[in-house]
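Okay, structure first, notes after.
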Amino acid sequence: MERKFAVVRWSEGEDAGKLSEVKTDTIRSYDDSKMDQQGNPIGTYSAVIEWRHGKKQRGGWPHYRGTVVFVCANRFEATRKLNLLLKEDDPAVLTKRVSAPPKKYQDDSDDSTDTETQILTQSSQVKKPSALTIKDPAEEFLEMYSCTQPSANDKSPRNTVVELKRKIKDLQEENAKLKELVVQDMKHVIELAAPPKRSKLEPTTPPLPIHNSPQSRHSSSAVSSLRSLPRSTPPSDTSDTDFLSDSKSSMVEIHPGTGVMVEKLAWTYAMNANSATIFVRHLLTAVFPVETLLVSNLRGGKRGGVDARQPLDKKKLDAIYSATLQKWPGTQLSSIGSTINAKITELRAKSKMLLHPQHLLL
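In the UniProt record's numbering, the protein residues as written are 1 to 362.
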């Protein structure tokens, strides 16, 4: 009888090391003389075999090398041999011994059958969970600090509460000390950041000339005449000049050559901005008063039934644009304009809420 089925073990390809059931016509140059009468190979029989898995490719089935393990006449024998080999390859499953109930709990009567004994044995077995269940953190906390499960290493709840209160008190004291240090340091920072005040001009004493010289006689007469004059209060324009110098020292020009000045504190806030949008919003409220922004717009004009808006000062706008481009190169001009209009709209909305608080209830 012609043997048409074989069991092979692949040496190459995706199924390398695995067993498969194939037909003998897929084995290239199959030689039945290399197999004995029982279908086992006389020696190691290595051959090239077609790997018929999936869709057939245009060039034909791929060929891989493998070893012929068994041949037979029908598929049933080939399948049985394949299953037998697969069982030999798989490791044996470790099973637990079935626990039997103690003899003292068994009934003395002989009326119980084997089936009843088996049911009792199975019911007496306790199934252990295959996987550990995750406990709730709250339950773990209660188990840790509950009085029902005391242990030598765990602390009592009372001691734990006292210790936590002590730690909280220590942290509060530490925070208070840190707060005092921060306040003291902030005073020094504010003093360093404040603009230095210009001292008033004080009359300086000229160097004394050589004695008995014409210059000494002239200077001595001038000094005596000055001493004879009554002391007068300094003119008012001097105090005005000092005030202007102090005010100018607290102002900063946002861009060289524009002449647009803002307060130094507002300029510091703007320079600390982390984006061009926030920079423009800070500069806008520092350069223009809020009253001007409420009745103005970027380019002015009238829209809808609203009163006509006044355009913002072009010189100040150019200064804001120049300062923004210097701080944030590559910023789009349209983005700067949109930010200005958005800030003005936001200010108008806030002013309406303050004037008409009933809108907040709607």
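Beta carbons: idealized from backbone N, C-alpha and C, even for Gly.
Item to complete: Keeping to the same chain, check which residues put their C-beta closer than 7 Å to that of N74; ignore five residues upstream and five downstream.
Response: As a position in the sequence shown, residue 74 is number 74, starting the count at 1. Leaving aside the five residues that flank N74 on each side, the residues in its chain whose CB is nearer than 7 Å to its CB run, in chain order, F5.
Worksheet item: alpha helix (DSSP H) containing S322: first to last residue?
Response: Here residue 322 refers to the residue found at position 322 when the sequence shown is read from its first residue. Here the alpha helix (DSSP H) through S322 covers 314-327.
Discussion item. Quick check on the DSSP output: the beta strand (DSSP E) that includes L298 runs from which residue to which?
Written reply: Taking the sequence shown and counting its residues from 1, one reaches residue 298 at position 298. For L298, no beta strand (DSSP E) run applies, since DSSP gives it neither H nor E.
Worksheet item: What does a CB cutoff of less than 6 Å around K343 pick up in its chain, not counting 5 residues either side in sequence?
Response: Walking along the sequence shown from the start, residue 343 turns up at place 343. Taken in chain order, the residues that qualify are R281, L284.
Worksheet item: Under the DSSP definition of a beta bridge, which residues are partnered with P311?
Response: Here residue 311 refers to the residue found at position 311 when the sequence shown is read from its first residue. P311 pairs with N297.
Worksheet entry | Inter-residue Cα distance where the pair is P329 and V290 | Numbered from 1 along the sequence shown, position 329 holds the residue referred to as residue 329. Numbered from 1 along the sequence shown, position 290 holds the residue referred to as residue 290. When only Cα atoms are considered, P329 and V290 end up about 28 Å apart.
Worksheet item: Mapping DSSP to helix, strand and coil, what is E14?
Response: Position 14 of the sequence shown, counted from the start, is the residue given in the question as residue 14. Assignment of E14 by DSSP, reduced to helix, strand and coil, places it in the coil class.
Practice prompt. Leaving out five residues on either side along the sequence, give the residues of the same chain with a beta carbon under 7 Å from the beta carbon of L298.
Written response: Translated into positions along the sequence shown, residue 298 becomes position 298. Excluding positions up to five away in sequence, the list reads L312, G337, I340, N341.
Discussion item. Between R80, T292, V287, A276, which has its C-alpha nearest Q332's C-alpha?
Written reply: Along the sequence shown, one-based indexing puts residue 332 at 332. The shortest CA-to-CA distance from Q332 to any of R80, T292, V287, A276 is the one to A276.
Discussion item. Here's the rule I'm using: 16 or more other beta-carbon atoms within 10 Å means buried, otherwise exposed. How should K350 be labelled?
Written reply: Within the sequence shown, numbered from 1, the residue matching residue 350 stands at position 350. It is exposed - the Cβ of K350 has fewer than 16 other Cβ atoms within 10 Å.
Discussion item. Going by DSSP in three states, S29 sits in which element: helix, strand or coil?
Written reply: Counting from one through the sequence shown, the residue named residue 29 turns up at place 29. Three-state DSSP puts S29 in coil, outside helix and strand.
Worksheet item: Can you give the Cα-Cα distance for S46 and G66, rounded to whole angstroms?
Response: The count along the sequence shown starts at 1 and reaches residue 46 at position 46. The count along the sequence shown starts at 1 and reaches residue 66 at position 66. Those two C-alpha atoms are separated by around 6 Å.
Fill in: Distance CB(E2)-CB(I27) smaller than 9 Å
Walking along the sequence shown from the start, residue 2 turns up at place 2. Walking along the sequence shown from the start, residue 27 turns up at place 27. Not in contact: E2 and I27 (Cβ atoms no closer than 9 Å).
Worksheet item: For R348, which three-state DSSP category applies?
Response: Translated into positions along the sequence shown, residue 348 becomes position 348. DSSP places R348 in helix when its eight states are reduced to three.
Worksheet item: By the 10 Å Cβ neighbour count, where 16 or more other Cβ atoms means buried, how is T160 classified, buried or exposed?
Response: Within the sequence shown, the letter at position 160 stands for residue 160. Its Cβ having fewer than 16 others within 10 Å, T160 is exposed.
Practice prompt. Please report how far the alpha carbon of R9 lies from the alpha carbon of T24, in whole angstroms.
Written response: Taking the sequence shown and counting its residues from 1, one reaches residue 9 at position 9. Taking the sequence shown and counting its residues from 1, one reaches residue 24 at position 24. Inter-residue distance for R9 and T24 is about 14 Å (C-alpha atoms, whole angstroms).
Item to complete: Starting from F49, follow the beta strand (DSSP E) in both directions and report where the run begins and ends.
Response: For this step, residue 49 is matched to residue 49 along the sequence shown. The amino acid occupying residue 49 in the given sequence is Ile; Phe does not appear at that position. Bounds of the beta strand (DSSP E) holding I49 are 46-50.
Discussion item. Less than 8 Å between C-beta atoms, sequence neighbours within five positions excluded: which residues of the same chain meet that for M251?
Written reply: Your numbering for residue 251 matches position 251 in the sequence shown. Around M251: M261, V262, E263, K264.
Practice prompt. Please work out which residues of its chain come closer than 6 Å, Cβ to Cβ, to S11, disregarding the five sequence neighbours upstream and downstream, and give them in chain order.
Written response: Indexing the sequence shown from 1 puts residue 11 at position 11. Cβ contact annotation for S11 (same chain, cutoff 6 Å, sequence separation greater than five): R65, G66, in chain order.
Worksheet entry | Alpha-carbon to alpha-carbon, I320 and E346 | Locating residue 346 in the sequence shown gives position 346, where the first residue counts as 1. Locating residue 320 in the sequence shown gives position 320, where the first residue counts as 1. When only Cα atoms are considered, E346 and I320 end up about 19 Å apart.
Item to complete: Could you work out which residue in F279, T268, I254 is closest to residue 382 when comparing CA atoms only?
Response: What the structure shows of the chain is the stretch from 1 to 362, and residue 382 is not part of that stretch, so it cannot be assessed.
Worksheet item: Which word fits K81, buried or exposed, when buried means at least 16 other C-beta atoms lie within 10 angstroms of its C-beta?
Response: To locate residue 81, count along the sequence shown from 1; it is residue 81. Under this definition K81 is a buried residue.
Worksheet item: Among R158, P256, A308, which has the Cα closest to the Cα of K327?
Response: As a first step, residue 327 is located in the sequence shown; it is residue number 327 there, counting from the start. K327 has its Cα closest to that of P256, out of R158, P256, A308.
Discussion item. What does the alpha-carbon distance come out to for the pair M353 and G259?
Written reply: Numbered from 1 along the sequence shown, position 353 holds the residue referred to as residue 353. Numbered from 1 along the sequence shown, position 259 holds the residue referred to as residue 259. Approximately 35 Å between the Cα atoms of the pair.
Fill in: Through-space distance from V162 to E180, alpha-carbon basis
Numbered from 1 along the sequence shown, position 180 holds the residue referred to as residue 180. Numbered from 1 along the sequence shown, position 162 holds the residue referred to as residue 162. Inter-residue distance for E180 and V162 is about 27 Å (C-alpha atoms, whole angstroms).
Discussion item. For V252, report the span of its beta strand (DSSP E) as first-last.
Written reply: As a working note, residue 252 is residue 252 in the sequence shown. Unbroken beta strand (DSSP E) run through V252: 251-253.
Item to complete: Could you check if A270 is buried or exposed, using at least 16 other CB atoms within 10 Å of its CB as the buried criterion?
Response: Along the sequence shown, one-based indexing puts residue 270 at 270. Result: buried.
Worksheet item: First and last residue of the beta strand (DSSP E) that includes M271?
Response: Stepping through the sequence shown from its first residue, residue 271 is reached at position 271. M271 -> not in any beta strand (DSSP E); alpha helix (DSSP H) instead, spanning 264-271.
Worksheet item: Whose C-beta lies closer than 7 Å to the C-beta of D185 among residues of the same chain, with five residues either side of it excluded?
Response: Within the sequence shown, the letter at position 185 stands for residue 185. Same-chain partners within the cutoff: there are none.
Discussion item. Taking the alpha carbon of F76 as the reference point, which residue from E21, F279, L294 has its own alpha carbon closest?
Written reply: Within the sequence shown, residue 76 is the residue found at index 76, counting from 1. With distances taken between CA atoms, F76 lies nearest to E21 out of E21, F279, L294.
Fill in: Neighbourhood of residue 426 by C-beta, 8 Å cutoff - its chain only, sequence neighbours within 5 removed
Residue 426 is absent from the structure shown; the chain starts at 1 and stops at 362.
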